[in-house]
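J.:
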Amino acid sequence: MRTSTTGRVGQYAALLAYLVFLAFPFLWLLSIAFKSPRELGSLHPTWIPRDPTLDNFRQAFDEQPLLRAAGNSLLAALGAALIAVVIATPLAYVMARRRGLLARAATGWVVVSQAFPLVLVIIPLFLVLKHLRLINSLSGLVLVYVVWALPFALWMLVGYVRAVPEELEEAAAVDGAGRLRTLVSVTAPLLAPGIVATALFAFITAWNEFFFALVLLKTPEKQTLPVVLTHFIGAEGVADLGPLAAAAFLATLPSLVVFALIQRRITSGMLAGAVKS
Amino acid sequence: MTSLTATKRSTRGAPRAEGGRRAVDRGAWFLVLPALIPILVLSVGPLLYGILLAFTDAQSGRTRSTQWIGGLNFQDLLHDTLFWESFRIGLVWAVGVTVPQFLLALGLALLLNEDLRLRWAARALAIIPWAMPEVVVGVMWRLVYNPDAGVLNETLRDLGLGDGRDWLAGLSTALPAVIVVGVWAGMPQTTVALLAGLQNTPRELHEAAAMDGAGAWRRFRTVTWPALRPVALAITALNFIWNFNSFALVYVLTSGGPGGRTRLPMLFAYEEAFRYGQFGYAAAMGCVMVAVISVLLAVFLAGRLKGGDEA
């Protein structure tokens, strides 16, 4: 299909506008992260720092326990991702292969859970976890993250299971493999990339999560990175911009790297779950 | 529901198949249980518990036992002008974010579906808002909006458009300012969903329409849009729900200020529950939010779907 030259120029102009809109806040964050306090105080800020410095990064680590917070975030995110895929994969298998009441109910829950307002869930969850003495503990947070990551994990995994031809499993059964044997040696290897992508996505979701962490973690020793980041902003909304930008940039790096790795699979997974067989 | 009864009927017709299915289902329970228990305990249970709480006077840190008070919370809520103001702001925010989000995402998706040279760059950049922690998105835009060190005011000064202002602290600018951030943050996800939908539209049909001399707009209306509609409806409905329930962005940007101008219902309920300890009352707010949103969505989807049949 041919598009006229003016049409093409217009398209490139529009694309460029989108690129600028998407990129400029992030570039500005970077710019501020490398500016000296003196430069930040001066009028007429520039895009390129006049004399770039790493002081903000040093100061950020001095001001807030960033390493400990990152460790907490890492624990919570890893725990949530691992548990989520371990318990979601079998359920996703059933949802993809069977048409029973159970599979329907699970699908219904996946859809409805998207509409839950967190506030209606967080209060009872807070009371339940308090009863179990899991308030202000990373284990409690991991439990919450597992359940919270499940709907999308199931959605993606169901798609990946459907992509494994049932005929393959039937062929294995004909060759005398038992059900478990078929699952382990035929289905699982084919599912593996999808499972990894799902786990990584759950990891990012938990790493980035803020609301539950804010409500459930009380003491600074337990708090995760997003919560600690908000401590850079004072009660009056006044913030030390340089260290804030530096810390925010560092907190984003893991998500960006992991996301770049799995982006293709996420987008195909989003669709795969939606395709009905 | 109808298909459920249909399966039942068909299995009844074949008794042997039913026996086989039973055995399979018993195995299925084993596979399902590890996920089912946490879902029931930490998702379905709390949801039901939350609805019950709305009919009690539950408060945090109180020694007296919690009492049933029937619909009293809802009666109070009805007269709580602060809550309804917050609800209004929530609707303005949700619509104000969802609609531009959709239009901008549709534009970008259409561009990315073309054979353009910088496509990879846009795809790569679109990752950033999606992968970022919401808190960082909020921090980043605070830096953009910052009255002195922010790039927005500096650009305005450069262009000779005045001295700029404190966007997030201004009574009239705070809500529009946070809405822009909401649009920015949610656009990539919507774009990806729409792009996926676009790639499912039949190319041959598109080419045939072009051969017949249909212009770009006609081709979009008659070929692209009908194929894209289901995806567009689904993502818009989801975006609306997500946006209405959003919390972290605005919490970091303005914490609901100035003077409550950006206090979304989620922030309101959060303060009610965890600052003032009014668990029962906050749960009632949650119930009202679900109810109103469900009705709005039902009306929206019913209207859209009916419109589709006529077109």
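So the sequences go chain by chain: U and F.
Counted from 1, the first sequence has number 237 at position 231 by my numbering; the numbering is strictly sequential.
Counted from 1, the second sequence has number 353 at position 290 by my numbering; the numbering is strictly sequential.
For each residue, glycine too, the CB sits at the ideal point set by N, CA and C.
1) In the DSSP assignment, what are the bridge partners of U:ALA245?
2) Which residue wins for smallest C-alpha separation from F:LEU224, given the options F:ASN216, F:TRP230, F:LEU231?
3) In chain order, what residues of the region 47-72 of chain U put their CB closer than 7 Å to some CB of chain F?
4) What is the rounded straight-line gap between the Cα of F:ALA86 and the Cα of U:GLU172?
5) Return the residue from the list U:SER119, U:PRO249, U:PRO51, U:ILE128 that minimises the CA-CA distance to U:ARG64.
6) Rounded to whole angstroms, what is the Cα-Cα separation between F:ASN136 and F:ARG151?
7) U:VAL125: which of F:ALA361, F:GLN341, F:ARG367 sits nearest, CA to CA?
8) Can you check DSSP and say which residues form a bridge with U:TRP154?
9) With respect to the alpha helix (DSSP H) encompassing F:GLN262, which residues constitute its N-terminal and C-terminal limits?
10) Helix, strand or coil for F:TRP392? Go by DSSP, reduced to three states.
11) Using beta carbons (cut-off 8 Å, strictly below), is U:VAL125 in contact with chain F?
12) Just verifying my parser: in three-state terms, what is the DSSP assignment at F:TRP119?
13) Can you grab the Cα-Cα spacing for the pair U:THR236 / F:LEU169, in whole Å?
14) Rounded to the nearest angstrom, what separates F:ILE298 and F:ALA121 at their Cα positions?
15) Looking only at C-alpha atoms, which of U:TYR18, U:SER37, U:TRP213 sits nearest to U:ALA257?
16) Here's a check: name, in chain order, each residue in its chain whose Cβ is nearer than 7 Å to the Cβ of U:GLY85, leaving out the five neighbours to either side.
17) So what does F:TRP131 bridge to, in DSSP terms?
18) What three-state label does DSSP hand U:ASN214 in the structure shown?
19) Pick out the complete beta strand (DSSP E) segments inside the region 9-46 of chain U, 3 residues or longer, and give them in chain order.
20) On the criterion of 16 or more Cβ atoms from any shown chain inside 10 Å, does F:ILE242 qualify as buried, or is it exposed?
21) Which of the three DSSP states is assigned to F:ASP139 in this structure?
22) What does the alpha-carbon distance come out to for the pair F:LEU360 and F:ILE114?
23) Indicate whether the contact test is met: 3 or more Cβ pairs, each with one atom in the region 212-226 of chain U and one in the region 118-135 of chain U, closer than 8 Å.
24) Closer than 7 Å by beta-carbon distance: list the chain F residues that pair up with U:VAL221, in chain order.
25) From the DSSP output, in three-state form, read off U:THR193 for me.
26) Alpha carbon to alpha carbon, how far is F:VAL358 from F:LEU154?
27) With 16 as the cutoff for other CB atoms within 10 Å, does F:ARG282 come out buried or exposed?
28) Under 8 Å between the Cβ atoms of U:PRO31 and F:VAL207?
29) Can you find a CB in chain F that lies within less than 8 Å of the CB of U:ILE210?
30) With DSSP collapsed to three states, give me the class of F:ILE222.
31) Can you give the Cα-Cα distance for F:LEU291 and U:VAL167, rounded to whole angstroms?
32) Among U:GLY182, U:ILE210, U:VAL100, U:ALA82, which has the Cα closest to the Cα of U:LYS262?
33) Identify whether U:LEU61 lies in helix, strand or coil by the three-state DSSP scheme.
34) Would you mind telling me which residues of chain U sit closer than 7 Å to F:TRP333, beta carbon to beta carbon, in chain order?
35) Any contact between the region 104-117 of chain U and the region 175-184 of chain U? By contact I mean 3 or more CB pairs, one from each, below 8 Å.
36) Leaving out five residues before and five after U:TRP53 in sequence, what residues of the same chain have Cβ atoms less than 8 Å from its Cβ?
T.: A quick look at the data gives this:
1) For U:ALA245, which the question treats as bridged, DSSP gives the partners U:ILE239.
2) Scanning F:ASN216, F:TRP230, F:LEU231 for the CA closest to the CA of F:LEU224 turns up F:ASN216.
3) Within the region 47-72 of chain U, the residues whose Cβ lies closer than 7 Å to some Cβ of chain F are HIS50, PRO51, listed in chain order.
4) Here the model assigns F:ALA86 a pLDDT of 47, short of 50, so the residue's position is not dependable, and the following value carries that caveat. Rounded to the nearest angstrom, the two C-alpha atoms are 18 Å apart.
5) That would be U:PRO249, whose Cα lies nearest to the Cα of U:ARG64.
6) One C-alpha to the other measures close to 19 Å.
7) Among F:ALA361, F:GLN341, F:ARG367, the Cα nearest to that of U:VAL125 belongs to F:GLN341.
8) Answer is none; U:TRP154 lacks a bridge partner.
9) It is not in any alpha helix (DSSP H) - F:GLN262 carries neither H nor E in the DSSP assignment.
10) Lying outside 64 to 374, the shown extent of chain F, residue 392 of chain F is not represented and no answer is given.
11) Between U:VAL125 and chain F, the shortest Cβ-Cβ separation is below 8 Å.
12) Note that residue 119 of chain F corresponds to Thr in the displayed sequence, not to Trp. For F:THR119, the secondary structure class from DSSP, reduced to helix, strand or coil, is strand.
13) The straight-line gap from Cα to Cα measures roughly 33 Å.
14) Cα-Cα distance, rounded: 36 Å.
15) Relative to U:ALA257, the option among U:TYR18, U:SER37, U:TRP213 whose CA is nearest is U:TRP213.
16) Correct list, in chain order: VAL148.
17) Under DSSP, F:TRP131 forms a beta bridge with F:THR119.
18) In the three-state reduction of the DSSP assignment, U:ASN214 falls in the helix class.
19) List check, beta strand (DSSP E) in window: nothing returned.
20) By the neighbour-count rule (16 or more Cβ atoms within 10 Å), F:ILE242 is buried.
21) Correct three-state label for F:ASP139: helix.
22) Take the alpha-carbon of F:LEU360 and the one of F:ILE114: they are about 20 Å apart.
23) Touching, per the Cβ criterion.
24) Going along chain F in sequence order, the residues near U:VAL221 (Cβ under 7 Å) are PHE337.
25) It is helical.
26) Rounded to whole angstroms, F:VAL358 to F:LEU154 spans 13 Å at the Cα level.
27) Counting other Cβ atoms within 10 Å of its Cβ, F:ARG282 reaches 16 or more and is therefore classed as buried.
28) Against a cut-off of 8 Å, the Cβ pair of F:VAL207 and U:PRO31 comes out as a contact.
29) So, interface residue.
30) For clarity, residue 222 of chain F is Leu in the given sequence; the question names Ile instead. F:LEU222: coil per DSSP, three-state reduction.
31) Cα-Cα distance, rounded: 25 Å.
32) It is Leu, not Lys, that sits at residue 262 of chain U in the sequence shown. The alpha carbon of U:LEU262 has as its nearest neighbour, out of U:GLY182, U:ILE210, U:VAL100, U:ALA82, the alpha carbon of U:ILE210.
33) Correcting the residue identity first, residue 61 of chain U is Asp in this sequence and not Leu. In this structure, U:ASP61 counts as helix in the three-state DSSP scheme.
34) The sequence shown places Tyr at residue 333 of chain F, rather than the Trp named in the question. Listed along the chain, the chain U residues whose CB falls inside 7 Å of the CB of F:TYR333 are VAL125.
35) Output reads no: the region 175-184 of chain U does not touch the region 104-117 of chain U.
36) So the qualifying residues of the chain are LEU33, TRP34, SER37.
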